[in-house]
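Chemist: FYI, in this note's numbering the residues of the sequence shown are 100 to 297.
Positions of the beta carbon are idealized from the N, C-alpha and C atoms, including for glycine.
Just so we're clear, the structure is a prediction, and the values are computed from it rather than from any experiment.
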Amino acid sequence: MWDEKYATEEYVYGTEPTGFLRARAEYLIPGARALAVADGEGRNSVYLAQQGLNVTAMDGSTVALDKARRLAAARDVEVGYHHGDITCWDWRPDAYDLVVAVFIQFLDPAARAKVFEGMKRTLAPGGVLLLHGYRPEQLDYATGGPPNADFMYTEQLLTSSFADLEILRLKGYDTEIHEGTGHAGMSALIDLVARKPA
């Protein structure tokens with residue numbers, strides 16, 4: 100499915116990073132080890148590399164990864180791209196200072212719980228998780244994301260899922276976004292910034 104979605108010359112979600120990531124500059128520390136989860140066509144991993152981070156990115160679509168590599172080359176940055184199934188990814192313990200997960204809302208609740216645990220495990224002590232996605236109210240806007248409320252995030256879900264981290268920011272809000280044709284228009288969003296105890 101994802102290979103088909105990305106099989107176009109167009110970058111479905113654009114080539115610029117999500118506004119959420121641009122607004123988190125204080126966590127984008129040059130030299131830090133970063134993992135971009137299900138990064139698609141590379142817009143966010145490339146941006147992280149442009150900020151001087153040591154970036155690893157994974158995705159399940161080889162088509163998306165080819166486009167991501169082209170974008171990294173065009174922007175003259177290096178990113179370690181890896182093909183892999185997010186539900187079987189090797190979440191190596193304490194491997195990253197920053198984990199970035201943007202719009203990874205294609206997981207049913209059981210798979211999502213497993214991935215959330217993996218992201219926490221792979222964060223190094225003191226590391227930061229940046230998670231950004233849609234709330235259930237997004238179904239009313241229909242401007243991106245899956246047509247399934249079970250795949251969306253609520254403040255209650257994220258508070259419970261990341262109770263063992265220090266939550267630095269958790270906020271739901273509505274705003275207009277323009278990220279390629281895939282995310283375009285008024286959107287019901289939610290941000291989580293959380294730190295793993297040192």
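Quick one: Cα of Lys-104 to Cα of Asp-189, how far?
Modeler: Rounded to whole angstroms, Lys-104 to Asp-189 spans 25 angstroms at the Cα level.
Chemist: Can you list, in chain order, the residues of its chain whose CB lies under 6 angstroms from that of Asp-196, leaving out five sequence neighbours each side?
Modeler: Ala-131, Arg-132, Ala-223, Gly-226.
Chemist: Below 8 angstroms on the Cβ atoms is my contact criterion, and I expect Ala-137 with Gly-113 to pass it. Report the Cβ-Cβ distance as a whole number of Å.
Modeler: In fact, because the Cβ distance is near 16 angstroms, the residues do not count as touching under 8 angstroms.
Chemist: Measuring CA to CA, which of Ser-260, Leu-134, Ile-289 is closest to Leu-269?
Modeler: When each option's Cα is compared against that of Leu-269, the closest is Ile-289.
Chemist: Output the residue ranges of the beta strand (DSSP E) runs that lie fully inside the region 168 to 240 and measure 3 residues or longer, sorted by chain position.
Modeler: Taking only runs of at least 3 residues, the beta strand (DSSP E) segments lying wholly in the region 168 to 240 are 179 to 182, 195 to 201, 222 to 233.
Chemist: Which residues in the same chain have their Cβ closer than 6 angstroms to the Cβ of Ile-266, if we skip the five residues on either side of it in sequence?
Modeler: Result list for Ile-266: Ala-293, in chain order.
Chemist: Would you mind working out which of Tyr-252, Ala-262, Gly-243, Phe-261 sits nearest Thr-280, comparing C-alpha positions?
Modeler: Measuring from the Cα of Thr-280, the nearest candidate turns out to be Gly-243.
Chemist: At which residue ranges does the region 261 to 287 contain complete beta strand (DSSP E) runs of 3 or more residues, listed in the order of the chain?
Modeler: Whole beta strand (DSSP E) segments, 3+ residues: 265 to 278.
Chemist: Identify which residue in Gly-271, Ala-248, Tyr-110, Asp-239 has its Cα closest to the Cα of His-231.
Modeler: Considering only alpha carbons, the answer is Gly-271.
Chemist: Please classify Asn-247: does DSSP put it in a helix, a strand, or coil?
Modeler: Three-state DSSP puts Asn-247 in coil, outside helix and strand.
Chemist: Taking 8 angstroms as the cut-off, decide whether the C-beta atoms of Ala-122 and Gly-141 are in contact.
Modeler: For Ala-122 and Gly-141, no; Cβs fall outside 8 angstroms.
Chemist: Here's the rule I'm using: 16 or more other beta-carbon atoms within 10 Å means buried, otherwise exposed. How should Glu-177 be labelled?
Modeler: It is exposed - the Cβ of Glu-177 has fewer than 16 other Cβ atoms within 10 Å.
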